[in-house]
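Trainee: Those letters in the sequence shown? Residues 139 to 201, per the working numbering, in order.
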Amino acid sequence: MKKHVLTFALILSAICIAATSCKAWRTISTTATYVQQNDSTTGKASATITTKTVEEYQGVKKN
C-alpha cells in the first residue's frame, strides 16, 4: 500500500511541476535575394542570403 501511495505522490508531483512551467521554441527563417543590374553588357549579378534563428523561451505560470 505504501508503494502505491509513494508512486501516486511522485506522479502528482510531476504533473504539478509540468503544469506550472513550460518551454517553447520558435524558428524563424528568412531568405532575401539581391539583384544588381549593370548598365553595361555584363548582365546582372545576384546573391541570396538565408538566415535561420532558433529562439527558446522558458515560462513560469503566474498565480
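Cβ coordinates follow ideal geometry from the N, Cα and C atoms, glycine included.
Nearest CA to the CA of ILE187: which residue from VAL173, ALA147, LYS141?
Mentor: Within the sequence shown, residue 187 is the residue found at index 49, counting from 1. The candidate whose alpha carbon is nearest that of ILE187 is VAL173.
Trainee: How big is the Cα-Cα spacing for THR168 and LYS190?
Mentor: If you number the sequence shown from 1, residue 168 lands on position 30. If you number the sequence shown from 1, residue 190 lands on position 52. Roughly 6 Å between the two C-alpha positions.
Trainee: Please return the same chain residues whose Cβ sits closer than 6 Å to the Cβ of TYR195, not counting the five positions on each side in sequence.
Mentor: As a working note, residue 195 is residue 57 in the sequence shown. Hits under 6 Å: ALA162.
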